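Remarks on the structure that follows.
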Amino acid sequence: MKKQNSSLSFGLVQVVVIAAFGASWAFQSVEARSLIEEEFLHQEPFVPVSVPRNEPLRVQPLYDRPDWITDEDLAAVLLKIQPPFSRKEMKPNHVEHALRTWGIDATFQNPEIVSGQEMLEFLTDSAKFMESWGEEVRPFLEDKPGGVEVKWGPETGRSYHHDHWLACVTEAGATLDTPVYAPSRRHSTLNDVLQEAMRDFRLDEREIEWTAMGFGLWISPHKTWIGSGGRKYSFDLIVDRLMRGHKVLGVCVGTHRVYSLMLLIRLDDEFDILSDSAREQAYAYLESIRDLITASQFEDGHWSEGWHRGAEEVTDPTDGEFYRSIIATGHHLEWLSIAPPELHPPEEKIKKAVDWIIDVTKQQTRSDVKTRFTFLTHVGSALCNWRQVRPADFWRDWQKQHPWDPSQDEPEESEEEAALESH
12 MKKQNSSLSF GLVQVVVIAA FGASWAFQSV EARSLIEEEF LHQEPFVPVS
62 VPRNEPLRVQ PLYDRPDWIT DEDLAAVLLK IQPPFSRKEM KPNHVEHALR
112 TWGIDATFQN PEIVSGQEML EFLTDSAKFM ESWGEEVRPF LEDKPGGVEV
162 KWGPETGRSY HHDHWLACVT EAGATLDTPV YAPSRRHSTL NDVLQEAMRD
212 FRLDEREIEW TAMGFGLWIS PHKTWIGSGG RKYSFDLIVD RLMRGHKVLG
262 VCVGTHRVYS LMLLIRLDDE FDILSDSARE QAYAYLESIR DLITASQFED
312 GHWSEGWHRG AEEVTDPTDG EFYRSIIATG HHLEWLSIAP PELHPPEEKI
362 KKAVDWIIDV TKQQTRSDVK TRFTFLTHVG SALCNWRQVR PADFWRDWQK
412 QHPWDPSQDE PEESEEEAAL ESH
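The working numbering applies: residue 12 is where the sequence shown begins, and numbers increase by one.
And the structure:
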C-alpha cells in the first residue's frame with residue numbers, strides 16, 4: 012500500500028511540475044522561450060528582433076489632387092466600400108481589407124456598419140471570432156511556443172494570404188502592444204505575432220508581398236535579422252524575391268509585388284534598409300513597370316490584367332474578366348500614389364485612370380460590392396492617397412456635413428434579383 016501511495020504521489024508531482032512548466036511557458040516572453048528552445052529542446056535559436064517603435068511607420072502619399080478627385084467623388088466611393096458584412100460569419104480576409112483601408116479608429120453613423128475597433132477586436136481576439144462563427148470553426152489565431160501564428164489559406168474562417176493579417180493590422184495603425192488573444196494564451200500582443208512571423212519566414216514562400224510590408228513598417232532601420240535555424244535574412248533578399256519571375260506572377264495580377272517594392276524603396280529613403288545595388292535593381296524594375304503601364308493603358312483609362320504585355324495588350328487585348336481590370340487599375344493607382352514623379356506615366360494617363368475607376372466604382376451595385384469588396388477597398392485607399400487624406404478622417408468630417416440618412420441606403424436585393432445577377 013505504501014508503495015502504491017508513493018507511486019501515486021510521484022505521479023501527481025509530475026503532473027503538477029508539467030502543468031507549472033506549461034503555464035510558465037505560456038507566459039514567457041519571446042526571448043525567454045527562445046532560450047528554453049535552445050537549451051532544453053535542442054532547437055536552433057531564433058533571435059527575436061528588437062522593434063524600435065510601438066506605433067508602425069506609415070509611408071505617406073506624395074500628392075493632393077482635388078482637381079482630379081472632388082470631395083463628392085471621394086465620398087461616393089467611400090460610401091460604396093463601407094464594411095458591408097454582417098457581424099455573423101465575418102470573413103477574415105474581408106475584415107483585413109476593410110480595416111487596412113479604414114483604420115482602427117474608423118466610425119460610421121450607420122449602426123449596421125462595423126467600426127474599426129470592432130474589426131480589430133475580431134482579428135485579434137479568438138473569443139470575438141467565436142462570437143461571429145460559433146464553435147464549429149476553429150479560430151485562425153494559434154498558440155505557438157515562440158508566439159502567435161495566424162493560420163492562412165482557403166479554408167473557412169482563415170486569413171487568405173500569408174502575413175496579410177500582419178500587414179493589414181499594421182497599416183491600419185494598430186500598436187505593437189495591442190493585445191492578441193489566442194485560444195489558450197491571454198497575455199500576447201501584436202509583437203508576438205510579428206516575432207512568430209519572423210521566425211516562420213522562408214524565402215521560398217509563395218507569397219511574400221505582405222511579409223515585406225509588415226516587416227518593413229515595424230523593424231526599419233534593421234536591414235537583417237536571424238530566422239529559425241539560424242538563417243540570416245535581409246530586405247535585399249526580399250527585394251530580389253519580389254522581382255523574381257514574370258511580372259504578372261503574384262497576387263492581384265502581379266500588382267501587389269509592385270506596391271511592396273515601392274514601399275520598401277520609400278522606407279529605404281528614410282532608413283537605408285537596402286544596399287545600393289538592391290535599391291538600384293528595385294528602382295529599375297519599377298521603371299520597367301512604369302513603361303509597361305504607359306504603353307498598355309486603354310483609351311478609356313483602365314489597365315487590364317494583361318498590363319505586363321505593354322503596347323501589345325492594347326492591340327491584342329487579353330480576354331479577361333472585367334473585375335480584373337478594376338483590380339489592375341485600382342492597384343496601379345495605389346502604388347503610383349506613393350511613387351516619386353519619375354516613376355509615373357504621363358500625368359494625363361493617371362488622370363484618365365482616376366476618372367475611369369471613379370465612374371466604375373460608382374456604378375457598382377450592393378451585390379457587386381459584396382462580391383468585389385476586397386479589391387474595391389484598394390480603390391478607396393488609392394483615391395484617398397491621391398487626396399492625401401485618411402479615409403477615417405475624411406469620412407468623419409464628411410458625416411458632420413452629410414449625416415447618415417437611412418432612407419437613402421441602397422436596398423437589399425431580392426433573392427430573385429440576386430439569382431438573375433449571378434447568371
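The beta-carbon is built from N, C-alpha and C at its ideal position, and this holds for glycine as well.
Just so you know, these numbers come straight off a predicted model, no measurement behind them.
Could you work out which residue in the options is closest to residue i when comparing CA atoms only?
| i | options | result |
| --- | --- | --- |
| THR305 | ASP247, GLU359, LEU248, TRP221 | GLU359 |
| TYR334 | ARG169, PRO56, PHE384, PHE96 | PHE384 |
| GLY317 | ASP311, ASP330, GLN374 | ASP330 |
| LEU344 | LEU85, SER126, LYS362, ASP327 | LYS362 |
| LEU297 | GLU146, HIS319, PRO328, LYS373 | HIS319 |
| LEU248 | GLY241, TRP236, LYS373 | TRP236 |
| GLU142 | GLU100, PRO63, TRP409, ASN202 | GLU100 |
| GLU220 | LEU177, ARG268, VAL204, THR181 | ARG268 |
| ASN65 | LEU201, ILE80, TYR244, GLU216 | LEU201 |
| ASP1 | PRO414, THR167, THR189, PRO165 | Shown here, the chain extends from 12 to 434; a query on residue 1 therefore has no answer. |
| LEU303 | ARG377, ALA339, VAL180 | ALA339 |
| GLN206 | ARG255, HIS172, GLY164, LYS155 | LYS155 |
| ARG69 | PRO56, ARG197, PRO150, PHE282 | PHE282 |
| GLU153 | ASP280, SER199, GLN93, ALA295 | SER199 |
| GLU83 | ILE369, SER170, ARG301 | ILE369 |
| GLY261 | PHE140, PRO67, ARG290, HIS172 | HIS172 |
| PRO328 | ILE337, PHE309, GLY341, HIS342 | PHE309 |
| PRO417 | PRO63, VAL390, LEU90 | LEU90 |
| ILE300 | GLY321, ARG290, SER288, ASP311 | GLY321 |
| GLU218 | VAL204, GLY240, THR266 | THR266 |
| ILE337 | GLN374, PRO103, PRO351, GLU216 | GLN374 |
| ARG169 | LEU187, PRO103, GLU324, GLU123 | PRO103 |
Report the three-state DSSP secondary structure of residue i (helix, strand or coil).
| i | result |
| --- | --- |
| PRO67 | coil |
| GLU297 | The question names Glu, but residue 297 is Leu in the sequence shown. Here LEU297 sits in helix by DSSP. |
| SER143 | helix |
| ARG169 | coil |
| TRP415 | coil |
| ARG398 | coil |
| TRP163 | strand |
| THR388 | helix |
| ARG320 | helix |
| HIS108 | helix |
| GLY127 | helix |
| TRP367 | helix |
| MET254 | helix |
| LEU46 | Confidence is the limiting factor: at LEU46 the pLDDT is only 47, short of 50, which leaves the residue's position unreliable, though a coordinate-based value still follows. In the structure shown, LEU46 sits in a helix (DSSP, three-state: H, G or I). |
| HIS342 | helix |
| LEU285 | coil |
| HIS53 | At HIS53, the pLDDT of 47 sits below 50, so the modelled position is not reliable and the matter cannot be decided from this model. |
| ARG290 | helix |
| GLN308 | coil |
| TRP36 | Unreliable placement is indicated for TRP36, whose pLDDT of 44 sits below 50; the coordinate value is still reported in the next sentence. The answer is helix: DSSP assigns TRP36 an H, G or I state. |
| SER378 | helix |
| ARG76 | coil |
| ARG213 | coil |
| LYS102 | coil |
So if DSSP puts residue i in a beta bridge, which residue, or which two residues, is it bridged to?
| i | result |
| --- | --- |
| LYS243 | ILE237 |
| LYS155 | GLY158 |
| ASP136 | TYR192 |
| SER437 | Residue 437 is absent from the structure shown; the chain starts at 12 and stops at 434. |
Can you give me the Cβ contacts of residue i inside the same chain, cut-off strictly under 7 Å, excluding the 5 residues immediately before and after it?
| i | result |
| --- | --- |
| HIS105 | PHE96, PHE384, THR385 |
| PRO77 | ARG398 |
| ARG401 | GLY114, CYS395 |
| LYS243 | THR235, ILE237 |
| ASP75 | ARG398, GLN399 |
| PRO414 | GLN120 |
Could you tell me how far apart the beta carbons of residue i and residue j are, in whole angstroms, since I believe they sit closer than 8 Å?
| i | j | result |
| --- | --- | --- |
| LEU228 | LEU253 | At roughly 16 Å, the Cβ-Cβ gap does not stay under 8 Å, so LEU228 and LEU253 are not in contact. |
| HIS313 | TRP346 | Contact doesn't hold; Cβ gap of about 16 Å is too wide. |
| MET209 | VAL60 | 6 Å |
| VAL159 | ALA185 | Contact flag wrong, Cβ pair sits at about 14 Å. |
| ALA86 | TRP409 | 5 Å |
| LYS7 | PHE151 | The question about residue 7 has no answer here: the residues shown for the chain are numbered 12 through 434. |
| TRP79 | LEU134 | With 8 Å as the limit, TRP79 and LEU134 do not qualify as a contact, their Cβ atoms being about 33 Å apart. |
| PHE293 | VAL250 | Residue 293 is actually Ala in this sequence, not Phe. 5 Å between Cβ atoms; contact. |
Spatial neighbours of residue i within its chain, please: CB distance less than 8 Å, with the 5 preceding and 5 following residues excluded, ordered by chain position.
| i | result |
| --- | --- |
| ILE284 | GLY227, SER231, PRO232, HIS233, LYS234, PHE246, LEU275, LEU278 |
| GLY127 | LEU110, TRP113, GLY114, ILE115, ASP116, ALA117, THR118, ALA183, ALA403 |
| LEU131 | LEU110, ILE115, VAL180, ALA183, ALA185, THR189 |
Report all residues from its chain with a CB closer than 6 Å to the CB of residue i; omit the five preceding and five following residues, and keep chain order.
| i | result |
| --- | --- |
| HIS108 | THR385, THR388 |
| ALA178 | TRP221, MET224, GLY225 |
| LEU125 | One detail in the question is off: residue 125 reads as Val in this sequence, not Leu. Closer than 6 Å at Cβ, skipping near neighbours: PRO94. |
| SER10 | In the structure displayed, the chain extends from 12 to 434; residue 10 sits before or after that span and is not available. |
| THR382 | none |
| VAL390 | GLY341, ILE368, THR372 |
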